[in-house]
């Protein structure tokens, strides 16, 4: 995972008990419901409607949610957690805009049921930042202009992160292969390659054309 | 500064558009070469890059408002049908459905140049809008679409221009399938005479495919009413045209509509018009009193929001043995889909090469398919592919080197308007590009290499407009902390608008780029043109300069009052106004602003007028180095050398990036991309990003770029020409010519896919 | 898209759920989820096989062969050292699949059971494979369709792994009626003439649990050539899996399988027979190759696949016998 220590492991919540205990760094999201009794009622209703409990660890924060099984990970990230850095471009696993890390590996969050991501560690583009400080890969994309419209950029950066997590000294060919699952319609590809090369330490500053 | 109102005529995409514009009376001296400037022309990192790389940039798809609801559109599954009946009862009963809009309850709102309505009972292509459902979630809206019962009367249809041209074919509209009933015709000189004078006459036919923009962010709008004021967040290249279309459609004053677009995930021409979905969102939102977000999905992106029309082109060229072109003729047919648009593609042929006798006929033909829209250099991309192929073939026929042939027929002036260019450095571009690609390596005899994988080199020329012009305005506010806000109603599509605006203001005021905060993409700001036609930088940058220069003047004037010195004795430099005579008499921006009564200074800048009696065009050339695997028919583009005259480079980082993008999109057009339509059913087959193949990072070739221009000395005081469209125009043609050079067989239809090469080589 | 999601703990439970009406097995989801979003497949019950233990192993037993569990990810196959050394054809095929993300998500079982990419099947055409009466491709856009084995449907099977496994003479292990059984991969896939709505023999309640590949003689050389239009992330226009054993300049034995040409991974026994005993340096290879697919029946737009597959054969044989 990241350079920081791995997040705490949380035990699966017994959702039938209804009331959740507050854990620092975790959220229970039951949209539109505030009071505990209402919440309980809402959850019961949700279970009856086929909703299932999901424990999701995103960017080192645990979220406890009730979701319909058909909900994809991307939908949960964007609609429930409002982590909108993850983009839905094709929603069919054909573009890479929704790329996130799942236990350190790049996957398409639009083609994964959210329930399948339960108890696994999800890292989105927002999770790369330390406070307001950009991750070195993000900085490289700024410096080498590895983007144009920026819409596919979060996915590109996560894909780059997946490469560098596995191999801090990838070859150019390995970078190209690793980035080949992320389309960029603006076709900023030469600069994307340059950005990843720079993030891997192959380029020095100033070679920015 | 004094201003005046003039009539301004600008080339916007494919048409001249005339408008009234306020322009400065006096004009600034053009800046010198970039190496004498401090910020403009330097590789400044995008000022909006932080938001984009951190995931915090808020695109229209990322906007959430309290209580917002989601709209989804039901579209016709048939290429031609009449909507007989619509029953929404079941759908309305679905829990969570708030509103269903259709012809039954929607006012008649004219669409497509009065050829259709927002909801029309005549459905003329697969994708035409039938109804729109708004619900508390997208899933419920989608579920509701399935519950709407529709009765269609299906009608015969036409899918290709050639079919549509036949008299017995079904008519897309009552009035016939050829737009305006006749071709768009242009004649110069006497082509018959020209062909008679030729030693060689070559005639060829070319076909290009329909391609789709497919920007990453889908078309979408979020509409919200506050009393009688409507705010729309829209993924658009043209906030003002969205505002005006929405206002006209809803019959409300433009001043009641505000359109906002801070970030957008690409457009490439598809987002230059207001979408039907935008109007629907506004109507439903007004009705139910909640914000409404409507987005299309990837399939709809490939059906219903525009495309580059196809073309069938018949070209004829007459040449003398010495290489002189004596005549050129061009007949083109392009299908614009079900509603009026332009599919003409003759322009490059009219202007690139010196030729006294030219005749062109451009047919824009209606078919029962998704309507075309401007797509990155509309017409020029198709036209250049065919023109540059026949130019190569003509050169070969008379035994002349293709580059020499092009130089021989170099046009020094604009032949259509018979005026000089404000600048033209195409010759330099030719020579530079040829040097980079090492032109001499090309096969003297095409296809002569004796290997399984054959290499080839080809070239193609590009011409585009891109001089921009008035009207374009900007407001500049100088704050007490000496920071600056720039407000301009322009758009950044990923092209770097935010950044060059900051650079231009910083250059004039000699302060760091970080001091400038740029606010664009809002119709509450001063008007700027739509972002298309490669006209953003050349239109907007001079207005920024004007606002900043005026600010400098204001500072000097204020300093004069404060210091009790005559203005002539003062000079401005790096945030300080100081006396020329007495060095210790000086005052900083901060002090000046804090002493002025309103604690801030505001100026309004305007784009100056274009010079009379000139044409401004961008010029460029691309050279392609390709390998063709003769066993599989696979084309690999190894390298593209691109040399351009685009006036002044504002920012090499974003400029080179944009050129890369154009080239790689051009490569997709040349080799993979094609919207496929099933002839029997009239339905689109390529409705996703697997079947519609756009290039990946592995398909990207090595690209080497040379900018041969310093600045255009006459077009504006900045001297920049746009590069968005020039970047894509010659790529497919250069690749096509390189493939020919490699295998000795001319592939006359795009895309150049392996099956076509195999057929050419093995049958 | 609305379904009940079942998370069985063992094979038996999974088998039970899969006998429910309108039930489908689910693992990586990379293909089936897209089909569900598009309403091409509309299950009421989705049975997640990922919760079953023991289907995620790669095991090699000397003298016997290689077992791969159905839940093994494509990426693991492409990166497994033992597979790279002993079965290069399989490694290359796995590396050529889709994109890195999809290789991280997709499983062996899912890859073998993925549905065809025919654009008519994938869109709202009521085609034969979806129970309709027409194959729209037959007289429509059939550039990517089959040149052999077609009718009344003309798909090509999209799996790369299946082609490599066919050349390797592998067996598909399926769970059926309370037990696991091995089916030769050539029998696992079926042609549209026997059932145009299914690509495999799998019946309700059955699912793939793994594959078994018999050991190859160590001197065998193998490769996989996948020809696609786009450089990466594309399905095969034509692919060839090839294994040969050469001795003294003579190809003693060869096993070839083809993708992108037929509705199932294609084996041409006559071709495999004819390649055996050929001297590499002679012109005999050319004689054999030019006869390959001479019984093909191309459609209007796909006859180019015949020279293409022959050319790929030339290249692959040259490469392996070098």
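Protein chains in written order, with this note's numbering: chain V, 30 to 238; chain C, 6 to 768; chain W, 81 to 402. For glycine and all other residues, C-beta sits at the position ideal for the given N, C-alpha and C.
Annotation: residue 543 (chain C) has no Cβ neighbours in chain W at a cutoff of 7 angstroms; minimum Cβ distance is about 35 angstroms.
Contacts with chain W (Cβ-Cβ distance below 9 angstroms) from the stretch 679-690 of chain C involve 681, 682, 683, 684, 685, 686, 688, 689 and 690, listed in chain order.
Under a 10 Å Cβ-count criterion, residue 627 (chain C) is classified as buried, with 16 or more other Cβ atoms of the shown protein chains found around its own Cβ. Taken through DSSP and simplified to helix, strand or coil, residue 269 (chain C) comes out as coil.
Within chain W, no residue has its CB atom less than 8 angstroms from the CB of residue 355 (chain C), the nearest being about 35 angstroms off.
Under the Cβ distance rule, residue 136 (chain V) counts among the residues neighbouring chain W, one pair being separated by less than 8 angstroms. The Cβ atoms of residue 226 (chain C) and residue 278 (chain C) do not sit closer than 8 angstroms to each other. Under the Cβ criterion of 8 angstroms, residue 123 (chain V) is counted among the residues facing chain C. The secondary-structure analysis by DSSP pairs residue 62 (chain C) with nothing; it has no beta-bridge partner. DSSP, read as helix, strand or coil, puts residue 643 (chain C) in strand. Taking each of C:543, C:142, C:51 and C:682 in turn and checking the Cα distance to residue 216 (chain W), the smallest one comes out for C:682.
The three-state reading of DSSP puts residue 657 (chain C) in helix, counting H, G and I together. Residue pairing by DSSP places residue 95 (chain V) opposite V:82 in a beta bridge. Any Cβ of chain C closer than 8 angstroms to the Cβ of residue 392 (chain W) would place that residue at the interface, and such an atom is present. A direct Cα-to-Cα measurement between residue 633 (chain C) and residue 64 (chain C) gives close to 41 angstroms. Counting the other Cβ atoms within 10 Å of the Cβ of residue 205 (chain V) gives 16 or more, which makes it buried. Identification of chain W residues near residue 677 (chain C) by a Cβ-Cβ cut-off of 7 angstroms yields 309 and 310, ordered along the chain. When CB distances to chain W are screened at a threshold of 8 angstroms, the residues of the stretch 697-725 of chain C falling below it are 698, 700, 701, 703 and 704, in chain order. The CB of residue 111 (chain V) comes closer than 8 angstroms to the CB of 69 in chain C, given here in chain order. With fewer than 16 other beta carbons inside 10 angstroms of its own, residue 118 (chain C) counts as exposed. Between residue 635 (chain C) and residue 214 (chain V), the C-beta spacing is not below 8 angstroms. Using a Cβ distance threshold of 8 angstroms, residue 196 (chain C) and residue 362 (chain C) count as a contacting pair.
Against chain V, the beta carbon of residue 109 (chain W) has neighbours under 8 angstroms at 140, 141, 142 and 145, listed in chain order. Counting along the chain, the unbroken beta strand (DSSP E) around residue 206 (chain C) starts and ends at 205-213. Within 7 angstroms of the CB of residue 763 (chain C), the CB atoms of chain W belong to 384, 387 and 388, in sequence order along the chain.
Under the Cβ distance rule, residue 99 (chain V) counts among the residues neighbouring chain W, one pair being separated by less than 8 angstroms. Within the stretch 113-128 of chain W, 113, 114, 116, 117, 118, 126 and 128 place their CB atoms closer than 9 angstroms to a CB of chain V, listed in sequence order. Neighbours of residue 694 (chain C) in chain V, taken as residues at a C-beta separation under 9 angstroms, are given in chain order as 118, 119, 121, 123, 124 and 212. Neighbours of residue 183 (chain V) in chain C, taken as residues whose beta carbon is under 7 angstroms from its own, are 60 in chain order.
Across the structure, residue 747 (chain C) and residue 295 (chain W) are spaced so that their CA atoms are roughly 44 angstroms apart. As DSSP reads the structure, residue 442 (chain C) sits in no beta bridge.
In this structure, DSSP gives residue 307 (chain C) a helical state, which the three-state scheme calls helix. Here the alpha carbon of residue 667 (chain C) sits roughly 14 angstroms from the alpha carbon of residue 176 (chain V). Per the coordinates, the alpha-carbon of residue 40 (chain C) lies some 42 angstroms from the alpha-carbon of residue 333 (chain C). Bridge partners of residue 627 (chain C) according to DSSP: C:465 and C:647. Between residue 79 (chain V) and chain W, the shortest Cβ-Cβ separation is below 8 angstroms.
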